[in-house]
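Report on the structure given below.
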Amino acid sequence: MTTMNNLLLGRHLHMKAGVLRSLFFGPGVRKEEVAHREAAEKIIDFLDLAAARDQFVTNLPYGTRKLVELGRALATEPKLILLDEPASGMNQEERGDMSIWIRDIREDLGITCLLVEHDITMVMDISDRVLVLDHGEVLACGPPEEIAVNPEVARAYLGEEQPLA
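Each residue of the sequence shown is one higher than the one before, starting from 65 at the first, in the working numbering.
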């Protein structure tokens with residue numbers, strides 16, 4: 065599927081026309097299709113995916129594919145988005161770009177982002193609050209500035225008592 069098709073797939077929750085109405089592609093269905101395509105175009109513009117719009121996602125670089133996944137999630141118009149390891153497998157530049165997108169989603173779109181991530185630099189850079197778990201138990205919770213100097217967090221993650229920052 066192309067990037068556009070992926071984003072339209074994310075719009076499926078908002079589609080009102082049933083299968084039978086869609087087969088005949090009447091004026092109401094056409095109007096709805098235009099609205100969904102406009103919503104997908106806004107996401108393409110927001111995530112700077114114009115160059116990938118009509119390309120098959122399997123042919124895109126890894127970082128761009130992750131961005132298409134993020135776009136498909138945004139197409140559902142969530143109030144909260146759970147991102148599980150959004151930077152996994154990415155190089156340093158791609159991780160930096162992903163951090164910017166996540167921050168923009170939060171600040172520009174007003175969507176709460178719940179992040180499960182092991183890249184501590186990324187977490188500290190973009191988070192308002194950080195919850196640290198150690199073997200399933202809450203070790204610390206608070207603003208990144210507090211977590212960065214928490215000796216228990218440093219001991220659990222670095223094996224030593226020095227601040228993370």
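Here a beta-carbon is modelled for each residue, glycine too, at the ideal position from N, C-alpha and C.
Membership of ALA204 in any alpha helix (DSSP H) is not indicated; the residue belongs instead to the beta strand (DSSP E) covering 201–206.
Per DSSP, the continuous beta strand (DSSP E) segment holding LEU144 begins and ends at 144–148. C-alpha of ILE108 to C-alpha of PHE120: approximately 14 Å in a straight line. For LEU77, no alpha helix (DSSP H) segment is defined, and its DSSP state is neither H nor E. As computed with DSSP, THR176 is found in a beta bridge with LEU144.
In the three-state reduction of the DSSP assignment, LEU111 falls in the coil class. Following the DSSP letters along the chain, one finds ASP189 inside the alpha helix (DSSP H) bounded by residues 184–190.
Ranked by Cα distance from LEU111, the options GLU97, LEU197, ILE169 are led by ILE169. Listed in chain order, the non-local C-beta contacts of ASN155 below 8 Å within the same chain comprise GLY127, local neighbours out to five positions each way being set aside. Contact annotation: the region 141–152 touches the region 178–188, with at least three C-beta pairs closer than 8 Å. The C-beta distance from ILE190 to ARG219 rounds to 24 Å, too long to meet the 8 Å contact threshold. In the three-state reduction of the DSSP assignment, VAL213 falls in the coil class. Look at LEU124 here: in three-state DSSP terms it is coil, with no helix or strand label. Annotation: the continuous beta strand (DSSP E) that includes ASP198 extends over 194–198. In this structure ALA139 is buried. Its beta-carbon is surrounded by 16 or more other beta-carbon atoms within 10 angstroms.
For LYS106, the closest C-alpha among the options ASP161, ARG94, LEU124, MET68 is that of MET68.
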